[in-house]
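Each step along the sequence shown adds one to the number in numbering that gives the first Met the number 0, with nothing skipped, and position 77 is 76. Positions of the beta carbon are idealized from the N, C-alpha and C atoms, including for glycine.
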Amino acid sequence: MFLFVNKYLIPKGFRGLTLYPFVILKYKEDKSNAVLINHERIHLQQQIEMLLFPFFIWYGTEYLFLLLKYNNKNHAYRSISFEREAYSNETDLEYLKKRKLFSFLRYLRKS
Ligand SMILES: [Zn+2]
Numbered sequence: 000m001f002l003f004v005n006k007y008l009i010p011k012g013f014r015g016l017t018l019y020p021f022v023i024l025k026y027k028e029d030k031s032n033a034v035l036i037n038h039e040r041i042h043l044q045q046q047i048e049m050l051l052f053p054f055f056i057w058y059g060t061e062y063l064f065l066l067l068k069y070n071n072k073n074h075a076y077r078s079i080s081f082e083r084e085a086y087s088n089e090t091d092l093e094y095l096k097k098r099k100l101f102s103f104l105r106y107l108r109k110s
């Protein structure tokens, strides 16, 4: 993981962005934010197991589908299976040690 700070690369309303093998943070203080770093590390793992490019296709497709469904950008973003897995487990700093492959599939909404 290559961690760096650049506030101009991070969209408004976000604090971090992961594009394997890079994690980009908006604020340098967040370099010591273990929960945020863990969240981004979960995305690194998801990207690796999806072989990178398919991750972004899936992420974007799921987001658009959820945006049409909810008509709310934040709700759609928070409902993406990759984000639900990351938000649900970001405070568990041991999560990646025990995580099973393709665990984000358990977070796909059924309704
Ligand atoms: Zn995220």
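- When the five nearest sequence neighbours on each side are left out, the beta carbons in the same chain lying within less than 6 Å of the beta carbon of K27 are those of V4, in order along the chain.
- When secondary structure is reduced to three states using DSSP, T90 falls in the coil class, being assigned neither helix nor strand.
- Our two residues, K30 and L24, have alpha carbons roughly 8 Å apart in a direct line.
- The beta carbon of F81 sits closer than 7 Å to the beta carbons of H42, Q45, Y58 and F103 from its chain, once the five residues preceding and following it are set aside; these are given in chain order.
- Separation of the CB atoms of F1 and F21 is rounded to 5 Å, and the pair is thereby assigned contact status at 8 Å.
- The beta carbons of N37 and Y94 sit closer together than 8 Å.
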